[in-house]
Amino acid sequence: MLDPVARLLSAGPAVLPGSLAGMPKALITGITGQDGRFLADLLYEKGYTIYGLLKGQNNPKTELIQREHPYVELVHGDLCDLSSLIGAVERTRPDEVYNLAAISFVAMSFNQAELTANVTGTGVLRMLEAIRIVGGAKDNPIRFYQASSSEMFGKVRQTPQIEQTPFYPRSPYGCAKVFGHDITVNYRESYGMFACSGILFNHESERRGLEFVTRKITNAVARIKLGLQDELVLGDLEPRRDWGYAGDYVKAMWLMLQQDQPDDYVVATGETYQVREFVRQAFDVVGITDWERYVRQDPKFLRPSEVDLLVGDSSKAETVLGWKREVSFPDLVRRMVEHDLAVESANR
Ligand code: NDP
Ligand code: GDR
105 MLDPVARLLS AGPAVLPGSL AGMPKALITG ITGQDGRFLA DLLYEKGYTI
155 YGLLKGQNNP KTELIQREHP YVELVHGDLC DLSSLIGAVE RTRPDEVYNL
205 AAISFVAMSF NQAELTANVT GTGVLRMLEA IRIVGGAKDN PIRFYQASSS
255 EMFGKVRQTP QIEQTPFYPR SPYGCAKVFG HDITVNYRES YGMFACSGIL
305 FNHESERRGL EFVTRKITNA VARIKLGLQD ELVLGDLEPR RDWGYAGDYV
355 KAMWLMLQQD QPDDYVVATG ETYQVREFVR QAFDVVGITD WERYVRQDPK
405 FLRPSEVDLL VGDSSKAETV LGWKREVSFP DLVRRMVEHD LAVESANR
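Taking this note's numbering, the leading residue of the sequence shown gets 105, the next gets one more, and so forth.
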């Protein structure tokens with residue numbers, strides 16, 4: 105028996121199954137990432153047929169997706185390759201496309217700025233072009249979601265940040281996201297596409313990559329508690345972020361594509377905490393109160409330019425979409441630490 109990827113690769117340009125059953129179909133780019141996996145779970149519960157764009161010839165996360173999300177049909181493609189995106193849209197004929205793929209690690213974007221511009225910025229244009237070229241049914245155009253980011257606000261001009269707050273990105277990643285956001289608005293206005301941008305503030309979970317500060321902290325706290333690690337080495341502890349739970353945020357993505365009109369929405373909790381406070385609460389979960397003795401700062405984790413304060417006002421999403429977050433900040437920290445304690449204990 106061929107595995108799902110091999111089966112799709114050998115299937116040629118034929119349209120993939122799904123529409124026959126009359127179920128809605130979604131194509132998710134970034135399926136192996138944190139948000140792709142939460143969104144896939146949500147859409148599966150709603151009865152969607154789900155296709156996930158997978159990059160690379162032997163992607164190490166293939167097995168994880170096949171094991172934990174076996175209902176996802178994997179389709180090969182890359183945001184840097186327009187023809188692969190046209191092929192993916194042609195073969196899957198989705199009702200909805202969620203463009204979650206990106207180089208998403210801000211620190212890395214300073215060292216690989218051109219790659220970031222190509223994937224995170226121009227990649228959005230390629231995905232929009234693929235949809236425009238293939239086209240949808242006249243009475244049912246393909247709906248498009250772009251993963252915009254609070255990083256676009258950067259050196260904030262207004263607090264809290266709302267949909268109209270001017271952008272002032274502080275990293276190559278932020279600059280690329282501004283392009284992705286603007287081109288999405290432009291395709292909506294130029295071609296009448298049903299294209300939405302969710303300006304999402306930081307959202308975390310037990311599926312967050314270890315390179316991001318929250319998971320780096322919760323994983324280290326778990327390992328320190330279990331005696332597997334001596335210290336937690338961080339960069340700047342002062343920046344403030346508006347941190348929510350990823351499982352709550354993917355619901356907003358879906359809601360945006362169910363409206364009568366396409367639009368852009370800020371999705372945030374309205375609360376902001378310093379990195380230092382995340383660290384304190386994470387150590388608190390395992391009963392360590394003298395946390396400062398375990399934390400060391402290293403300049404190598406400082407960024408050439410920093411985003412000091414983010415806090416969003418998601419009144420529009422709450423009013424128009426009926427969205428609201430469920431998981432509080434203390435519950436988010438607890439959930440992540442407890443997950444990492446369980447995983448690290450099992451690996452001991
Ligand atoms: P992740 O870093 O967890 O996932 C990124 C995904 O993009 C991975 O699946 C990765 O695939 C894929 N990818 C990277 N390069 C390419 C490429 N060239 N072609 C196709 N796929 C590619 O990000 P998140 O899930 O956290 O975020 C999802 C989206 O939301 C991103 O666009 C991010 O910038 C944005 N965002 C995230 C926020 C957050 O707090 N999480 C907040 C605001 C916006 P692979 O695994 O194979 O490398
Ligand atoms: P961010 O997330 O840059 O906000 O982007 P990250 O977790 O990387 O950083 C948050 C803040 O913590 C500070 N920090 C450190 N960060 C990391 N990664 N590692 C450290 O050791 C460390 N020490 C301090 C950072 O300087 C920063 O101020 C995330 C990503 O998911 C983006 O894709 C998304 O668009 C935004 O959130 C909203």
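We put the beta carbon where it would ideally sit given N, CA and C, even for glycine. Bear in mind that the values here come from a model prediction, so they are computed numbers and not experimental data.
beta-carbon residue i near the ligand NDP non-hydrogen atom, thresh 6 angstroms
i, result
"Ala192", "no"
"Ala421", "no"
"Thr136", "yes"
"Asn306", "yes"
"Ser253", "yes"
"Ala206", "yes"
"Asp185", "no"
"Asp139", "yes"
"Asp286", "no"
"Asn163", "yes"
"Asp388", "no"
"Asp182", "yes"
"Val260", "no"
"Lys329", "no"
"Trp289", "Contrary to the premise, residue 289 reads as Val rather than Trp in this sequence. For the ligand NDP, not one heavy atom lies less than 6 angstroms from the Cβ of Val289."
"Val201", "no"
"Lys129", "no"
"Val354", "no"
"Lys320", "no"
"Val223", "yes"
Bounding residues of the beta strand (DSSP E) (the contiguous stretch that carries residue i)
i, result
"Ile303", "Phe298 to Leu304"
"Ile190", "Unbroken run through Ile190 is the alpha helix (DSSP H), Leu186 to Thr196; no beta strand (DSSP E)."
"His180", "Val176 to His180"
"Gln170", "Unbroken run through Gln170 is the alpha helix (DSSP H), Thr166 to Glu172; no beta strand (DSSP E)."
"Val337", "Leu336 to Leu338"
"Asp139", "Careful: Asp139 lies outside any beta strand (DSSP E), inside the alpha helix (DSSP H) at Gln138 to Glu149."
"Met435", "Looking at the sequence shown, residue 435 is not Met but Asp. From DSSP, Asp435 is part of no beta strand (DSSP E) but of the alpha helix (DSSP H) over Phe433 to Asn451."
Which residues DSSP lists as bridging residue i, in chain order
i, result
"Tyr377", "Arg345"
"Arg247", "Glu200 and Phe298"
"Ile328", "According to DSSP, which records beta bridges pairwise, Ile328 is partnered with nothing at all."
"Ile132", "Gly156 and Tyr202"
"Gly416", "Gln265"
"Gln401", "Leu338"
"Ser253", "Leu304"
"Val371", "Leu304"
Residue range of the alpha helix (DSSP H) that includes residue i
i, result
"Lys355", "Ala350 to Met360"
"Val210", "Val210 to Asn215"
"Arg236", "Gly227 to Val238"
Contact test: residue i Cβ vs the ligand GDR heavy atom, cutoff 6 angstroms
i, result
"Val282", "no"
"Val210", "yes"
"Leu229", "no"
"Pro276", "no"
"Phe316", "yes"
"Phe405", "yes"
"Asp340", "yes"
"Val176", "no"
"Ser415", "Checking the sequence, you will find Val at residue 415 rather than Ser. Every heavy atom of the ligand GDR is 6 angstroms or more from the Cβ of Val415, so no."
"Val379", "yes"
"Pro104", "In this structure the chain extends from 105 to 452, so residue 104 is not present and cannot be described."
"Pro343", "yes"
Cβ distance (whole Å) where residue i is taken to contact residue j below 8 angstroms
i, j, result
"Leu183", "Val223", "5 angstroms"
"Arg274", "Gly296", "Actually they are not in contact, since the Cβ atoms of Arg274 and Gly296 sit about 33 angstroms apart, beyond 8 angstroms."
"Val228", "Ile154", "Rounded, the Cβ-Cβ distance is 21 angstroms, inconsistent with contact."
"Asn203", "Tyr249", "6 angstroms"
"Leu178", "Arg230", "About 19 angstroms; that fails the 8 angstroms criterion."
"Leu79", "Trp358", "Because the chain here runs from 105 to 452, residue 79 falls outside it and cannot be looked at."
"Thr373", "Asp340", "Rounded, the Cβ-Cβ distance is 21 angstroms, inconsistent with contact."
"Leu336", "Ala350", "22 angstroms between Cβ atoms; not a contact."
"Ala205", "Thr133", "4 angstroms"
"Asp417", "Ile303", "Rounded, the Cβ-Cβ distance is 11 angstroms, inconsistent with contact."
"Asp352", "Glu430", "5 angstroms"
"Val437", "Ala386", "5 angstroms"
"Arg452", "Ala211", "Not quite, the Cβ-Cβ distance comes to about 30 angstroms (not below 8 angstroms), so this is no contact."
"Leu413", "Thr376", "7 angstroms"
"Val201", "Ile246", "6 angstroms"
Any chain B beta carbon closer than 7 angstroms to residue i
i, result
"Asn215", "No chain B appears in this structure, which consists of one protein chain only."
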